[in-house]
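S.K.: Counting the sequence shown from 1 gives a position; the numbering used here is that position plus 2. Beta carbons: idealized from backbone N, C-alpha and C, even for Gly. Source: prediction; values computed, not measured.
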Amino acid sequence: MSTVAKVKKTFFCQSCGTQHNKWVGKCGSCGEWNTLVEEILKKETKNDRLQLFSASKDPKINNKSILLQEIGLQDYPRIAVPGKELTRVLGGGIVPGSLVLFGGEPGIGKSTLMLQLALRLKNLKILYVSGEESEQQIKMRAERIGVTTDLCFILQETNTQNIFQQIAEIEPQLVIIDSIQTLHTAYVESSPGSVSQVRECAAEFLRFAKETNTPVFMIGHITKEGSLAGPKVLEHMVDTVLQFEGDRNHIYRLLRATKNRFGSTNEMGIYEMNGDGLREVTNPSEILITNREHATSGVAISATMEGNRPMLIETQALVSSAAYGVPQRSSTGFDLRRLSMLLAVLEKRCGFKLAVKDVFINIAGGIKVEDPGIDLALVCGILSSNEDLPIPQTVCFAAEVGLTGEIRPVNRIEQRISEAQKLGFEKIFISSFNKKGLNPKLFTIEIIFVNKIEEVFGMLFG
Ligand code: TYD
Ligand code: MG
3 MSTVAKVKKT
13 FFCQSCGTQH
23 NKWVGKCGSC
33 GEWNTLVEEI
43 LKKETKNDRL
53 QLFSASKDPK
63 INNKSILLQE
73 IGLQDYPRIA
83 VPGKELTRVL
93 GGGIVPGSLV
103 LFGGEPGIGK
113 STLMLQLALR
123 LKNLKILYVS
133 GEESEQQIKM
143 RAERIGVTTD
153 LCFILQETNT
163 QNIFQQIAEI
173 EPQLVIIDSI
183 QTLHTAYVES
193 SPGSVSQVRE
203 CAAEFLRFAK
213 ETNTPVFMIG
223 HITKEGSLAG
233 PKVLEHMVDT
243 VLQFEGDRNH
253 IYRLLRATKN
263 RFGSTNEMGI
273 YEMNGDGLRE
283 VTNPSEILIT
293 NREHATSGVA
303 ISATMEGNRP
313 MLIETQALVS
323 SAAYGVPQRS
333 STGFDLRRLS
343 MLLAVLEKRC
353 GFKLAVKDVF
363 INIAGGIKVE
373 DPGIDLALVC
383 GILSSNEDLP
393 IPQTVCFAAE
403 VGLTGEIRPV
413 NRIEQRISEA
423 QKLGFEKIFI
433 SSFNKKGLNP
443 KLFTIEIIFV
453 NKIEEVFGML
463 FG
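Structural data, given as structure tokens:
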């Protein structure tokens, strides 16, 4: 084996991970400016790399092609995970040999959720690798969570070769990496967190996962400025991308799958950050709606769907006269462009004068909603605030608003109505187009079919 390492330098876009041979100001792939950074690659010899998993049980180095009908599914039963929320988001448990990337902003609770998973999977041998925190810190967090287990190994290490050595020794059934940006492999010379390091380390774990059929969870940071390599590079490599989001100042956290090779990406899990770790929220509607003594203007309840799960959400609107110059429009938890569109529809099609008003929108609980079924509630909330007339607390809404001011149907209407009924609402406004195939007699809640915003306005505020 030659001792002189061949040193190769290339430029990587720190935003999208594209490799460039020379420096340019703008990455041709993602269009970002000033994101190219020179990184040193050291070419390893083929043999070095193969030794990496010499301890792995079943290295399938020479794969053979196989007929589709001969592939059995029964060989891969999913590993059941504790907790309904994570199970649902993963699509029914952990798939053996899968590589999962778990992203989120710093401080959101990624380490907490992963440690909780490690502690609660009691009959599985788990290796929790931390490159960020000391063993004592992890122990303290475990004490806080208050669950004990005797099969969870903690390893404080950042060198992947050493990690694989430990893996060979312990033979864990699940590996958790906290976080991928802190690791470095000896085969790449650039610093930890750079695109080539992150990609190379992830590739090593990808191979490990596939060759030994061991699931691997990797935590990845997301930073706005991209000082660490964005996990964008990783998203293509992994089987599942989980995203932990929410407002750090709120206690609720949303877990979504933005990519899932083994399940739907529509599902969402809700957690609440407590003093003793993350608690699952199984009845989100009851928590997201504030119980008020009196109805308040600007508040409207929407029956939305998050994936396959109906959820009632409180929307709040505040409309006031613009004090200076250009009116402000601001929105938390709802797309600002969609808000502008709804305001334009109200102005142009329905004749409500909102152009000179400041409009502020907030979705209670720090939740982000993408379901268009929330439109009607928002519009009614805006009108309610504008008129300063409250909407009765027993009323909710589930419909989209179109560009002509028409009220459009939404999917899974029965589920939305049932959820509203379950929570004690007495009236729900939905689109007339949702009438087909719907039997109102099945529900005790009063269903009001509407076509135009003016109709709803008339019924609510007279
Ligand atoms: P952490 O899991 O370290 O976040 P991440 O790994 O995503 O950076 O935890 C983030 C915050 O959660 C931290 O500020 C402390 C808080 N926290 C609680 O409120 N309760 C708890 O039981 C734990 C463990 C943490
Ligand atoms: Mg952490």
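(1) Counting only the same chain and skipping the five closest in sequence on each side, list residues whose C-beta sits under 6 Å from that of residue 32.
(2) Give a single yes or no on whether residue 132 has its beta carbon closer than 6 Å to a heavy atom of the ligand MG.
(3) Can you name the residues that DSSP bridges to residue 190?
(4) Hey, which unbroken runs of the beta strand (DSSP E) at 3 residues or more fall wholly within the stretch 345 to 395?
(5) What is the DSSP secondary structure of residue 250, counted as helix, strand or coil?
(6) Can you name the residues that DSSP bridges to residue 126?
(7) Assuming residue 399 and residue 266 make a contact with CB atoms under 8 Å, what is their CB distance in whole Å?
(8) Please report how far the alpha carbon of residue 241 lies from the alpha carbon of residue 102, in whole angstroms.
(9) What is the DSSP secondary structure of residue 442, reduced to helix, strand or coil?
(10) Please specify which runs of the alpha helix (DSSP H), each continuous and at least 4 residues long, are wholly inside the stretch 128 to 203, giving them in chain order.
(11) State yes or no: is the C-beta of residue 272 within less than 7 Å of the C-beta of residue 104?
(12) Any heavy atom of the ligand MG within a distance shorter than 6 Å of the CB on residue 113?
(13) Determine the DSSP secondary structure at residue 425, reduced to helix, strand or coil.
(14) Do you know offhand how far residue 228's Cα is from residue 421's?
(15) Assign residue 90 to one of two classes, buried (16 or more other C-beta atoms within 10 Å of its C-beta) or exposed (fewer than that).
(16) Which whole-angstrom value is the C-beta distance of residue 292 and residue 316, which I expect to be below 8 Å?
(17) Between the alpha carbons of residue 154 and residue 34, how many angstroms are there, rounded?
(18) Measuring straight from C-alpha to C-alpha, what distance separates residue 383 and residue 259?
(19) Can you name the start and end residues of the alpha helix (DSSP H) that residue 322 belongs to?
(20) Taking C-alpha atoms, which residue in 43, 404, 426, 13 lies nearest to residue 189?
(21) Short of 8 Å in beta carbon distance, which residues of its chain neighbour residue 294, apart from the five on each side in sequence? Order them along the chain.
(22) Whole angstroms is fine: what's the gap from residue 60's alpha carbon to residue 236's?
(23) When the Cβ atoms of the stretch 278 to 293 are set against those of the stretch 330 to 339, are three or more pairs found closer than 8 Å?
(24) Does the beta-carbon of residue 174, which I'm using as the reference point, lie nearer than 6 Å to any heavy atom of the ligand TYD?
(25) Is the beta carbon of residue 175 closer than 7 Å to that of residue 124?
(26) My output table needs one value for residue 263: the three-state DSSP class, helix, strand or coil.
(27) Counting C-beta neighbours from all protein chains within 10 Å, is the total for residue 112 16 or more, i.e. buried, or is it exposed?
(28) Counting pairs of beta carbons, one from the stretch 351 to 365 and one from the stretch 313 to 331, are three or more of them closer than 8 Å?
(29) By DSSP, does residue 69 sit in helix, in strand, or in coil?
(30) Quick check: residue 393 and residue 386, are their CB atoms within less than 7 Å of each other?
(31) Output the distance between the C-alpha atoms of residue 391 and residue 350, rounded to the nearest integer angstrom.
(32) How is residue 435 classed by DSSP in three states: helix, strand or coil?
(33) If residue 452 and residue 433 are in contact, beta carbons under 8 Å, what's the gap, nearest whole angstrom?
(34) Secondary structure at residue 244, three-state DSSP: helix, strand or coil?
(35) Return the chain-ordered list of same chain residues with a C-beta closer than 7 Å to the C-beta of residue 423, the five sequence neighbours on each side being excluded.
(36) In three-state terms, what does DSSP make of residue 279?
M.R.: Short version:
(1) By one-based count along the sequence shown, residue 32 stands at place 30. Counting only Cβ-Cβ distances below 6 Å, and skipping sequence neighbours, we find 17, 18.
(2) Walking along the sequence shown from the start, residue 132 turns up at place 130. For the ligand MG, not one heavy atom lies less than 6 Å from the Cβ of residue 132.
(3) Here residue 190 refers to the residue found at position 188 when the sequence shown is read from its first residue. Answer is 43.
(4) 359 to 365
(5) Your numbering for residue 250 matches position 248 in the sequence shown. Reduced to three states, the DSSP call for residue 250 is coil.
(6) Numbered from its first residue, the sequence shown carries residue 126 at position 124. Looking at the DSSP output, residue 126 bridges to nothing.
(7) Within the sequence shown, residue 399 is the residue found at index 397, counting from 1. Within the sequence shown, residue 266 is the residue found at index 264, counting from 1. Not quite, the Cβ-Cβ distance comes to about 26 Å (not below 8 Å), so this is no contact.
(8) Start at 1 with the first residue of the sequence shown, and residue 241 comes out as number 239. Start at 1 with the first residue of the sequence shown, and residue 102 comes out as number 100. Approximately 6 Å between the Cα atoms of the pair.
(9) Position 440 of the sequence shown, counted from the start, is the residue given in the question as residue 442. In this structure, residue 442 counts as helix in the three-state DSSP scheme.
(10) The qualifying runs are 137 to 147, 162 to 172.
(11) For the purposes of this step, residue 272 is identified with residue 270 of the sequence shown, where counting begins at 1. For the purposes of this step, residue 104 is identified with residue 102 of the sequence shown, where counting begins at 1. For the 7 Å CB-CB criterion, residue 272 and residue 104 do not form a contact.
(12) Counting from 1 along the sequence shown, the entry for residue 113 is found at position 111. It does: the Cβ of residue 113 is within 6 Å (strictly closer) of some heavy atom of the ligand MG.
(13) One-based indexing of the sequence shown puts residue 425 at position 423. Correct three-state label for residue 425: coil.
(14) By one-based count along the sequence shown, residue 228 stands at place 226. By one-based count along the sequence shown, residue 421 stands at place 419. The pLDDT assigned to residue 228 is 42, lower than 50, so where the model puts this residue is not dependable, and the model offers no usable value.
(15) Taking the first residue of the sequence shown as 1, we reach residue 90 at position 88. With 16 or more Cβ atoms within 10 Å of its Cβ, residue 90 is classed as buried.
(16) The residue given as residue 292 occupies position 290 in the sequence shown. The residue given as residue 316 occupies position 314 in the sequence shown. Confirmed, about 6 Å.
(17) Numbered from its first residue, the sequence shown carries residue 154 at position 152. Numbered from its first residue, the sequence shown carries residue 34 at position 32. Cα to Cα, residue 154 sits roughly 42 Å from residue 34.
(18) For this step, residue 383 is matched to residue 381 along the sequence shown. For this step, residue 259 is matched to residue 257 along the sequence shown. Taking the straight line joining both Cα atoms gives about 31 Å.
(19) Along the sequence shown, one-based indexing puts residue 322 at 320. Here residue 322 belongs to no alpha helix (DSSP H); instead the beta strand (DSSP E) covers 311 to 323.
(20) Within the sequence shown, numbered from 1, the residue matching residue 189 stands at position 187. Of the listed residues, the one whose Cα sits closest to residue 189 is 43.
(21) Stepping through the sequence shown from its first residue, residue 294 is reached at position 292. So the qualifying residues of the chain are 301, 395.
(22) Residue 60 sits at position 58 when you count from the first residue of the sequence shown. Residue 236 sits at position 234 when you count from the first residue of the sequence shown. Per-residue confidence for residue 60 stands at a pLDDT of 48, beneath the threshold of 50, marking its modelled position as unreliable; no derived number is given.
(23) No, the stretch 278 to 293 does not touch the stretch 330 to 339.
(24) As a first step, residue 174 must be located in the sequence shown, where it is residue number 172. No, since every heavy atom of the ligand TYD falls outside the 6 Å radius drawn around the Cβ of residue 174.
(25) Indexing the sequence shown from 1 puts residue 124 at position 122. Indexing the sequence shown from 1 puts residue 175 at position 173. It is not a contact, given that the beta carbons lie outside the stated cut-off.
(26) For this step, residue 263 is matched to residue 261 along the sequence shown. In this structure, residue 263 counts as coil in the three-state DSSP scheme.
(27) The residue labelled residue 112 in the question sits at position 110 within the sequence shown. The residue is buried, with at least 16 neighbouring Cβ atoms inside 10 Å.
(28) yes
(29) Numbered from its first residue, the sequence shown carries residue 69 at position 67. Looking at residue 69 - three-state DSSP - the assignment turns out to be coil, as it is neither helix nor strand.
(30) Start at 1 with the first residue of the sequence shown, and residue 393 comes out as number 391. Start at 1 with the first residue of the sequence shown, and residue 386 comes out as number 384. Between residue 393 and residue 386, the CB-CB gap stays under 7 Å.
(31) Along the sequence shown, read from residue 1 onward, the residue named residue 391 stands at position 389. Along the sequence shown, read from residue 1 onward, the residue named residue 350 stands at position 348. One C-alpha to the other measures close to 22 Å.
(32) Here residue 435 is taken as the residue at index 433 of the sequence shown, counted from 1. In the displayed model, residue 435 falls within a helix according to three-state DSSP.
(33) As a working note, residue 452 is residue 450 in the sequence shown. As a working note, residue 433 is residue 431 in the sequence shown. Yes, they are in contact, since the Cβ atoms of residue 452 and residue 433 sit about 7 Å apart, within 8 Å.
(34) As a first step, residue 244 is located in the sequence shown; it is residue number 242 there, counting from the start. In the structure shown, residue 244 sits in a strand (DSSP, three-state: E or B).
(35) Walking along the sequence shown from the start, residue 423 turns up at place 421. Here the set comprises 445, 446, 447.
(36) The count along the sequence shown starts at 1 and reaches residue 279 at position 277. Three-state DSSP puts residue 279 in a strand.
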